[in-house]
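Numbering (full-length UniProt numbering), first residue to last: 1 to 123. Okay, so here's the structure we're looking at.
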């Protein structure tokens, strides 16, 4: 059985294959834009690197987050009341507003708890 993270990565890979395979008849080809690294310094001392992407038609936005231990997550953007929220809804939540961000993980009861908070963009 695949984890939610594996399913999320599979979805992004399938999307990339669709983008790279060319346009549907009569449509413009989709391209992926963005990807410039943004480094965040967090209150716990961690430095995280996020790269934000979107499809050229704005139908999908996603982020790739690299943690100091080498773990990397690819998360789609989801609806948010304020700021931008990215999550696989199972393992990791990345929330940004302006130059601030935080990462949350699910605990053993399924509740979100802060992993890295008060993260700020480094100049």
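No residue lacks a Cβ here, since even glycine has one placed at the ideal position from N, Cα and C.
{"Query": "With DSSP run on the structure shown, which of helix, strand or coil describes residue 31?", "Result": "coil"}
{"Query": "Where do the ends of the beta strand (DSSP E) carrying residue 54 lie?", "Result": "47-55"}
{"Query": "If distances are taken between C-alpha atoms only, which option among 115, 100 and 101 comes closest to residue 107?", "Result": "115"}
{"Query": "Quick test of your reading: residue 75 and residue 95, contact by CB under 8 angstroms. State the CB separation rounded to the nearest angstrom.", "Result": "Wrong, their Cβ atoms sit about 11 angstroms apart, outside the cutoff."}
{"Query": "Please determine, among 48, 38 and 34, the residue with the shortest C-alpha to C-alpha distance to residue 69.", "Result": "48"}
{"Query": "In this structure, does DSSP put residue 123 in helix, strand or coil?", "Result": "coil"}
{"Query": "Are the beta-carbon atoms belonging to residue 86 and residue 63 less than 7 angstroms from one another?", "Result": "yes"}
{"Query": "Within a Cβ cutoff of 8 angstroms, which residues of the same chain sit near residue 1, ignoring the five residues on either side of it in sequence?", "Result": "Annotation note: pLDDT 48 at residue 1 (below 50); position unreliable, coordinate value reported separately. Within the same chain, residue 1 has no close Cβ partners at all."}
{"Query": "According to the neighbour-count rule (16 or more other Cβ atoms, all chains shown, within 10 Å of its Cβ), is residue 102 buried or exposed?", "Result": "buried"}
{"Query": "Just to confirm my understanding: we take residue 120, look at its own chain, exclude 5 residues before and 5 after, and list those with CB closer than 7 angstroms. What are they?", "Result": "40, 41, 99 and 100"}
{"Query": "Of the residues 31, 27 and 112, which one's Cα is nearest the Cα of residue 92?", "Result": "112"}
{"Query": "DSSP state of residue 109, grouped into three classes?", "Result": "coil"}
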